[in-house]
Amino acid sequence: QLVEIPTDDEIHDNIAAYWNPEVPLRKGDRRRFRYRLTWLDEIAFPKELGRNIGTWTGVGGRPGQPRPKGVRKFVLDFEGEAFKGLTWADGVEIVATASRGAIAHSYAHPVARHEGRFRAVFDVNVTGTEPVDIRVFLRHKGRALTETWLYQYHPEG
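For the sequence shown, the residue numbers in my numbering are 142 to 298.
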């Protein structure tokens, strides 16, 4: 079982894994486990899908207008063969969900002077300080163009 222990700083080792056997252990029981750990520099990844190459966050809302409280802006860059030849007019869309709160003002566009790169921009509007799990991918004509980006946002409240 994989566990993420909440922490307020990235310097803390907060990810743990342990075995949770189907038959619970009793005092005095012994078990033997075998396992293999594998790390890869480059994972096997479908070349037809775009990959996230950058993530930025900032104050949400629309430029030039009063900034609403509890709104965070997210900007994601994706790059890949799937974007070659696509333009603003092609209707690449963001598919975004949040475990709570609302996604607003979302759009995707090609990044100028970077063939094969698209940018996704959206706001997350949320109240309270409980974490928000966000999932995003880009789609064109019903077909996923990118991997699914996952992010756990911790609002400041």
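Every residue, glycine too, gets a C-beta built ideally from N, C-alpha and C.
Just so you know, these numbers come straight off a predicted model, no measurement behind them.
The continuous beta strand (DSSP E) containing Asn266 extends over residues Arg258 to Asn266. Where His246 is concerned, the enclosing beta strand (DSSP E) starts and stops at Ala243 to Pro251. Under DSSP, Gly269 takes part in no beta bridge, so it has no partner. Glu222 sits in a helix when the DSSP states are folded into three classes. In the three-state reduction of the DSSP assignment, Trp197 falls in the strand class, which pools E and B.
Where Ile156 is concerned, the enclosing beta strand (DSSP E) starts and stops at Ile156 to Ala158. Following the DSSP letters along the chain, one finds Trp290 inside the beta strand (DSSP E) bounded by residues Trp290 to Tyr294. With contacts defined as CB atoms closer than 9 angstroms, Gly211 and Asn266 qualify as a contacting pair.
Secondary structure at Asp274: strand, using DSSP grouped into helix, strand and coil.
Taking Arg280 as the centre and dropping the five residues before and after it, the same chain places the C-beta of Glu234, Val236 and Leu286 closer than 7 angstroms to its C-beta, in chain order. Secondary-structure assignment with DSSP links Arg213 through a beta bridge to Val200 and Val265. Cβ-Cβ separation between Gly199 and Phe219: approximately 18 angstroms, too far for a contact (criterion under 8 angstroms). In this structure, the alpha-carbon of Glu288 lies about 9 angstroms from that of Pro187.
Only residues of its own chain outside the window of five on either side were considered, and among them Asp264 and Asn266 have a CB closer than 6 angstroms to the CB of Ala245, listed in chain order.
If you look at Glu234, you'll find it in the beta strand (DSSP E) that goes Glu234 to Ala239. The beta carbon of Phe174 sits closer than 7 angstroms to those of Trp160, all from its chain and outside the five residues before and after it, given in chain order.
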